[in-house]
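**Student:** One structure, pasted below without further comment.
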């Protein structure tokens with residue numbers, strides 16, 4: 001468009017490719033640009049505001065109604081820092097930093113100028129302003145964002161509240177009871193929400209909250225509000241189709257709305273549960289995709305079909321959709337029939353074919369690609385495989401029940417075997433503890449026996465005759481019943497088995513030859529016995545050996 005110098009090149013020539021805007025903007029760093037149907041506003045990083053285009057209604061803010069085809073700075077705001085500007089059809093709004101004279105604090109105030117026929121300037125009248133005028137009713141507030149529709153204005157305060165003013169013909173002010181002459185805060189479903197971003201179309205508003213929820217209201221023709229129909233909304237209404245999305249930004253065109261979402265891969269949990277009944281998929285409960293929203297559903301939640309599904313590969317064939325999408329599609333179809341039979345929005349003529357085609361195009365673009373697994377999941381399935389008969393399902397249930405019984409029986413057997421093994425383990429531990437106690441007692445007995453034997457072997461041989469008393473004492477010390485038998489067998493041992501140990505005197509002036517030999521009493525216990533010439537047997541020593 002080049003009428004009235006909308007391009008800012010100093011002439012009315014049209015340009016089909018981008019061309020740099022020179023003139024007063026040459027060499028300046030631009031921070032933001034806003035375009036209306038008839039004029040343009042440019043804000044520099046230094047806070048200067050330039051406007052150009054049609055100035056018939058004073059929307060350029062130069063104090064006259066002259067149009068200009070080159071950018072001109074708004075002189076009344078010179079010396080102040082302009083943060084942001086927005087253009088309506090015939091009016092302009094700017095956020096300007098103002099220093100409070102009392103406390104020297106800086107706050108962002110709202111200035112408006114241009115056509116005020118619908119109250120879009122917020123000055124409680126319908127007068128036209130040729131230069132920027134401070135909105136006195138909002139003097140206690142500070143603003144961070146502003147947007148303009150065709151004949152209304154929406155501003156976002158730093159506290160997260162939205163204020164609207166101007167025409168309320170389609171409910172675009174968010175409150176059906178106000179006349180729009182003064183700015184009014186938008187309440188309703190967003191009264192407890194903190195708004196982060198706002199955008200305006202020609203006759204509708206969209207906003208984004210801090211919780212990434214999108215709300216829209218105003219004129220609903222062409223489906224611009226995103227609620228699945230063409231109905232107008234006069235209060236903020238959440239867009240349910242975006243409730244599971246992480247929305248980053250929102251923007252509006254004349255009769256459409258667009259959002260930017262963070263990319264999010266589909267989680268495994270989303271694909272393992274039915275989006276309707278939230279039951280888990282199994283061999284019997286098969287997974288099906290809705291050809292309109294792309295979510296996964298079980299058969300019970302997606303039994304209905306529609307020829308209006310947005311993801312259907314063939315528009316002449318009905319495809320599976322979920323119950324919610326089926327209701328929306330049917331409602332949209334009924335609304336379309338009503339539009340064809342009655343004039344829309346007071347227009348005496350029905351919708352043109354071009355508008356109808358544009359509406360269908362917008363609907364087809366509402367595709368939720370991020371929720372898809374692959375396009376293979378949307379291929380038609382063989383009905384014989386996808387829908388087993390009741391007989392096959394009964395057989396499958398019976399087979400699964402038999403498997404459950406068999407597994408239960410095996411589990412009981414394993415539990416019994418485990419109990420038996422635990423009992424054996426407890427018995428083994430008890431036996432080991434008893435054997436350990438016996439071993440300790442035996443060690444104590446052996447230690448005591450060793451001490452007593454050593455004291456006995458220190459005595460002289462004459463003091464150690466082998467008799468019945470000694471035999472009983474040794475038997476008691478050794479704890480063996482066969483010690484006495486060994487000592488008795490000593491007397492019957494042949495002389496050839498004995499060996500001469502040594503000779504020692506037993507009496508004065510006489511030499512006696514002693515005969516001694518060694519016998520094994522127990523395993524590892526050896527005793528040495530000698531016999532005197534008089535025929536008496538004596539115990540010489542006791543020896544312990546590991547061999």
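Residue numbers (full-length UniProt numbering): 1 to 547. Ideal Cβ placement from N, Cα and C applies to all residues, glycine included.
Just list the alpha helix (DSSP H) runs in the UniProt repeat "RCC1" (212 to 263), keeping only unbroken ones of 4 residues or longer that don't cross its boundaries, in chain order.
**Tutor:** Taking only runs of at least 4 residues, no alpha helix (DSSP H) segment lies wholly in the UniProt repeat "RCC1" (212 to 263).
**Student:** Take every Cβ of the region 194 to 206, pair it with every Cβ of the region 233 to 252, and state whether three or more of those distances are shorter than 8 Å.
**Tutor:** The region 194 to 206 is in contact with the region 233 to 252.
**Student:** Using three-state DSSP, classify residue 274 as helix, strand or coil.
**Tutor:** Residue 274: coil per DSSP, three-state reduction.
**Student:** The beta strand (DSSP E) that contains residue 439, what's its start and end?
**Tutor:** It is not in any beta strand (DSSP E) - residue 439 instead sits in the alpha helix (DSSP H) that spans 390 to 457.
**Student:** Considering only the alpha carbon of each residue, which of 451, 192, 79 and 191 lies closest to residue 544?
**Tutor:** Answer by Cα proximity: 451.
**Student:** Rounded to whole angstroms, what is the Cα-Cα separation between residue 447 and residue 456?
**Tutor:** Going from the Cα of residue 447 to the Cα of residue 456 covers about 15 Å.
**Student:** If you draw a straight line from the C-alpha of residue 71 to the C-alpha of residue 39, how long is it?
**Tutor:** Distance between the alpha carbons of residue 71 and residue 39: 10 Å.
**Student:** Give me whichever residues DSSP pairs with residue 207 in a beta bridge.
**Tutor:** Looking at the DSSP assignment, residue 207 forms a beta bridge with 198 and 215.
**Student:** Pick out the complete beta strand (DSSP E) segments inside the UniProt repeat "RCC1" (47 to 98), 3 residues or longer, and give them in chain order.
**Tutor:** As far as the UniProt repeat "RCC1" (47 to 98) is concerned, its whole beta strand (DSSP E) runs of at least 3 residues are 49 to 53, 68 to 73 and 81 to 87.
**Student:** With which residues is residue 114 paired in a DSSP beta bridge?
**Tutor:** DSSP output for residue 114 lists 91 and 129 as bridge partner(s).
**Student:** State the DSSP-derived secondary structure class of residue 192, mapped to helix, strand or coil.
**Tutor:** The answer is coil: DSSP assigns residue 192 none of H, G, I, E or B.
**Student:** How would you write the range of the beta strand (DSSP E) that residue 30 sits in, first residue to last?
**Tutor:** Element bounds for residue 30: 30 to 35.
**Student:** Would you list, in sequence order, the uninterrupted alpha helix (DSSP H) runs of no fewer than 4 residues that lie entirely inside the UniProt domain "FYVE-type" (268 to 330)?
**Tutor:** Here the runs fully enclosed are 268 to 272.
**Student:** Taking just the CA atoms, how far does residue 132 sit from residue 47?
**Tutor:** Near 15 Å, if we compare the C-alpha coordinates of residue 132 and residue 47.
**Student:** Please state whether the Cβ-Cβ distance between residue 548 and residue 292 is less than 9 Å.
**Tutor:** This structure gives no information on residue 548, because the portion of the chain shown stretches from 1 to 547.
**Student:** Alpha carbon to alpha carbon, what distance is there between residue 399 and residue 324?
**Tutor:** The alpha-carbon atoms of residue 324 and residue 399 are separated by roughly 36 Å.
**Student:** So, under 8 Å CB-CB, residue 121 and residue 129 are touching, yes? Tell me the CB distance rounded to an integer number of Å.
**Tutor:** Contact holds; Cβ gap of about 6 Å.
**Student:** Measure the alpha-carbon distance for residue 401 versus residue 426 and round it to whole angstroms.
**Tutor:** The alpha-carbon atoms of residue 401 and residue 426 are separated by roughly 38 Å.
**Student:** Using three-state DSSP, classify residue 615 as helix, strand or coil.
**Tutor:** Here the chain covers residues 1 to 547 and nothing more, so residue 615 does not appear.
**Student:** Just list the residues that DSSP pairs residue 124 with in beta bridges.
**Tutor:** Looking at the DSSP assignment, residue 124 forms no beta bridge with any residue, so it has no partner.
**Student:** Take the Cβ of residue 183 as the centre, count every other Cβ of all protein chains shown within 10 Å, and call the residue buried at 16 or more, exposed below.
**Tutor:** Buried, by the Cβ-count rule.
**Student:** Please state if the CB of residue 202 and the CB of residue 149 are separated by a distance shorter than 9 Å.
**Tutor:** Cβ distance < 9 Å, so residue 149 and residue 202 count as in contact.
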